[in-house]
Amino acid sequence: MPCSIVRDEIDLEGLRRRAQDPQAGAVLVFCGDVRNHSQEQDVSFLEYEAHERMALKQITKIIEQAQQKWELHKVEVIHRLGKLTVTDCSIAIAVSTSHRNDAYEASRYIIDTIKHSVPNFGKRKSTLLTEYKIWESEGCEASRS
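Okay, so the sequence shown: first residue is 345 according to my numbering, each after it adds one.
This is the structure:
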């Protein structure tokens, strides 16, 4: 399946193996980790929720768009929901292509477009407060265009 939503730790090595292809000269795995700060506040954990069926539909559409723009041998996206602590992987993308530049460009397009257009509802726990919000597209190239 090209995309899935999980609540357990993402198996990055399994993701990389599934992305391998005999024609591919590049397999790129991107992992978006929970960092220990956000907007000048320390972060203890993030808790993600999403409308799963809608998110899967939107992510599948983004993958299809990437496949039209680049010659991708294989692509898979795994999005993790639930409570994640600092350094946990919240989203992983694997792309295999014949050449590395296409893998980098396609991976960046996929993550930026997901951040820009797939809503996540979340709770961020910092040392000062617990904040509920719809995550915005911070640092996302797609949001700048």
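Think of the CB as a built atom: it goes at the ideal place given N, C-alpha and C, for glycine as much as any other residue.
Because the structure is a prediction, the values reported are computed rather than measured.
Length of the line joining the Cα atoms of residue i and residue j
i      : j      : result
LEU428 : GLY376 : 12 Å
HIS460 : ASP365 : 29 Å
GLN412 : VAL439 : 14 Å
ASP446 : LEU390 : 31 Å
THR457 : LYS405 : 10 Å
GLN367 : VAL419 : 14 Å
GLU396 : GLY369 : 33 Å
SER382 : ARG351 : 22 Å
THR441 : ALA363 : 9 Å
ARG488 : ALA394 : Residue confidence for ARG488 is low, a pLDDT of 46 falling below 50, so the modelled location carries little weight; the figure read from the coordinates is stated next. ARG488 and ALA394: Cα-Cα distance of roughly 24 Å.
ARG424 : VAL373 : 15 Å
TRP537 : ARG361 : The structure shown does not extend to residue 537, since the chain spans only 345 to 489, so no value can be given for it.
ASP432 : ILE349 : 15 Å
ILE403 : VAL462 : 7 Å
VAL371 : VAL430 : 26 Å
Residue span of the beta strand (DSSP E) that contains residue i, given as start and end
i      : result
GLY369 : Element bounds for GLY369: n/a, residue is neither H nor E.
Per DSSP, the bridge partner or partners of residue i
i      : result
ASP386 : HIS381
ARG349 : Strictly speaking, residue 349 in this sequence is Ile, with Arg absent from that position. HIS423, per the DSSP bridge assignment.
VAL373 : ALA438
Heavy atom of the ligand MN within 7 Å of residue i beta-carbon
i      : result
CYS347 : Of ligands this structure carries none, so the ligand MN is not represented either.
Backbone secondary structure at residue i - three-state DSSP
i      : result
SER487 : At SER487 the pLDDT is 44, less than 50, meaning the model places this residue with poor confidence; the figure from the coordinates comes in the next sentence. In the structure shown, SER487 sits in a helix (DSSP, three-state: H, G or I).
* To do: Only counting runs of 4 or more residues, tell me where the alpha helix (DSSP H) segments fall wholly within the stretch 383-453, in order along the chain.
  => Under the rule that a run must span 4 or more residues, the alpha helix (DSSP H) segments found entirely inside the stretch 383-453 read 396-413.
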